[in-house]
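If you're matching positions, the sequence shown starts at 5 in my numbering and goes up one per residue.
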Amino acid sequence: MRRWRLAAAVLAAVVLPGSIVSANEITLRAVSAFAEGTQFSKNFERFIDKVNRDGKGVVQINYIGGPRAMPPFEVGNAVRTRVVDMANVTGAFYSNLIPESDAFKLLGKPMSEQRRNGTWDYLNQLHNRKLNAWYLARQFHNVPFHIYLNKKIDAIDFTGLKIRVTPVYRDIVQALGGTPINTAPGEVYTALERGVVDGYGWPVSGIFDLGWDKVTKYRLEPGFYSVEVNVLVNLDVWKSLSEPQRKILVDSALWLEGLDSENVAVNNAERERQAKAGIQALDFGPAESKTFVDRANAVAWDTVIKRAPELGPKLREVAGN
Ligand code: 173
Numbered sequence: 005m006r007r008w009r010l011a012a013a014v015l016a017a018v019v020l021p022g023s024i025v026s027a028n029e030i031t032l033r034a035v036s037a038f039a040e041g042t043q044f045s046k047n048f049e050r051f052i053d054k055v056n057r058d059g060k061g062v063v064q065i066n067y068i069g070g071p072r073a074m075p076p077f078e079v080g081n082a083v084r085t086r087v088v089d090m091a092n093v094t095g096a097f098y099s100n101l102i103p104e105s106d107a108f109k110l111l112g113k114p115m116s117e118q119r120r121n122g123t124w125d126y127l128n129q130l131h132n133r134k135l136n137a138w139y140l141a142r143q144f145h146n147v148p149f150h151i152y153l154n155k156k157i158d159a160i161d162f163t164g165l166k167i168r169v170t171p172v173y174r175d176i177v178q179a180l181g182g183t184p185i186n187t188a189p190g191e192v193y194t195a196l197e198r199g200v201v202d203g204y205g206w207p208v209s210g211i212f213d214l215g216w217d218k219v220t221k222y223r224l225e226p227g228f229y230s231v232e233v234n235v236l237v238n239l240d241v242w243k244s245l246s247e248p249q250r251k252i253l254v255d256s257a258l259w260l261e262g263l264d265s266e267n268v269a270v271n272n273a274e275r276e277r278q279a280k281a282g283i284q285a286l287d288f289g290p291a292e293s294k295t296f297v298d299r300a301n302a303v304a305w306d307t308v309i310k311r312a313p314e315l316g317p318k319l320r321e322v323a324g325n
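Here it is, written out as structure tokens:
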């Protein structure tokens, strides 16, 4: 009997390394593609605090920081190759590795619904396959993007304007006659200050974080698409975690997605703050606004479907736009 137990223990040790790992605390190294303490890192930082509180003795996160630690467009690849274990990053910054990530901004339903209707599952598989990553959470439902401008326009037409973009805004800027210039967020201030660009794409919130209010005159209405910033975990790391370790991370991820309920209030406060800072909303009324949003959706879906002819149409069906 004792011998049998010993044999079982040895077998478990060999076959089930996870059960041994679970006895130990693991520390994951994490980075953010956005500057520390700014709008699109803040909730991730709250998530880290929660994991470090709830996960004592089980799982901890060592936050290395934002773009000072790693250039934002390299973060996706750093998760893939396990240079870091975890990251807070938008799909727009790793569309070189997952071309379908152009579609994420078009998937605007609440995460609770995306988890129920299979969208999360599909995107997780996509991240597993192409980025060697587990798609732990998505944040910022209900936060639209805008085009901010320093030159007044009298219709929604970007002819003659140079506009800072990422893959999020490239197609619509081009479709409306503008010249897109791709830069990381860290270069936006200087580009505006020097007049290298006449405007930029950015969400409704966060422009005060890096001082852009000082070099911004107009916010074009309406907002469009849906911000997505994802928490990714290297897939080999994810597979090596024990059930208790995963549970802490998953529970905290769902809590993080729940913070989306704060977004509408944050957006309203940002619009007010922008108005007080002298940033004027350029609103051309409901008809032009609708034409703009429809066009923005259409050109973005065109690109997605061109890059992903099989999966693109499926995503469009679940997106419903
Ligand atoms: O404008 C950007 O840098 C960008 O694409 C983005 C995406 C998500 C949140 C904030 C910015």
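In this text, a Cβ means the ideal position worked out from N, Cα and C, and glycines have one as well.
Between TRP138 and HIS131, the beta carbon gap of about 7 Å places them in contact (Cβ cut-off 8 Å). Applying a distance threshold of 6 Å between residue Cβ atoms and the heavy atoms of the ligand 173 selects PHE44, THR94, ALA96, THR170, VAL172, PRO189, GLY205, TRP206, PRO207, VAL231, VAL233, given in chain order. Within the segment 182-241, the beta strand (DSSP E) runs of at least 3 residues that lie entirely inside it are, in chain order, 183-186, 203-207, 222-228, 233-238. By the Cβ criterion, the segment 259-279 is not in contact with the segment 68-82, since fewer than three pairs of Cβ atoms, one from each stretch, lie closer than 8 Å.
Rounded to whole angstroms, the separation of the alpha carbons of ASN28 and GLU274 is 44 Å. LEU214 is the residue among GLY199, LEU214, ARG174, ARG198 whose C-alpha sits nearest the C-alpha of PRO189. Annotated three-state conformation of LYS155 is coil, per DSSP.
Look at the beta carbons and you see the segment 217-232 touching the segment 296-305: at least three pairs across the two are nearer than 8 Å.
Taking the CA atoms as reference points, PRO114 sits about 28 Å from VAL63.
Ranked by Cα distance from GLU261, the first of VAL35, LEU32, GLU40, PHE51 is PHE51. Checking the DSSP bridge columns, you'll see ARG174 has no partner listed. The beta carbon of ASP306 sits closer than 8 Å to those of ASP175, all from its chain and outside the five residues before and after it, given in chain order. Taking the CA atoms as reference points, VAL254 sits about 39 Å from ALA195. Check the Cα spacing between TRP259 and each of GLY199, PHE288, ALA141, LYS134: the tightest is with ALA141. Between the alpha carbons of ILE68 and MET90 lies a distance of about 10 Å.
The alpha-carbon separation between SER36 and GLY210 amounts to approximately 15 Å.
Sorting PRO103, LYS243, ASP158 by C-alpha distance to the C-alpha of TYR222 places ASP158 at the top. Non-local beta-carbon contacts of ALA257 in its own chain, meaning distances under 6 Å to residues more than five positions away in sequence, involve LEU140, ALA141 in chain order. Pairing GLY112 with ASN325 gives a Cβ-Cβ distance under 8 Å.
In this structure, THR123 lies away from VAL233, with their beta-carbon atoms at least 8 Å apart.
Excluding residues up to 5 positions away in sequence, PRO226 lie with their Cβ nearer than 6 Å to the Cβ of SER293 in the same chain.
The continuous beta strand (DSSP E) containing LYS166 extends over residues 166-169.
Listed as beta-bridge partners of SER105 by DSSP are no residues whatsoever. In the same chain as ALA179, and ignoring 5 residues on each side of it, the C-beta atoms closer than 7 Å to its own belong to ARG299, VAL303, in chain order. For the pair LEU236 and ALA107, the CB atoms are not nearer than the 8 Å cut-off.
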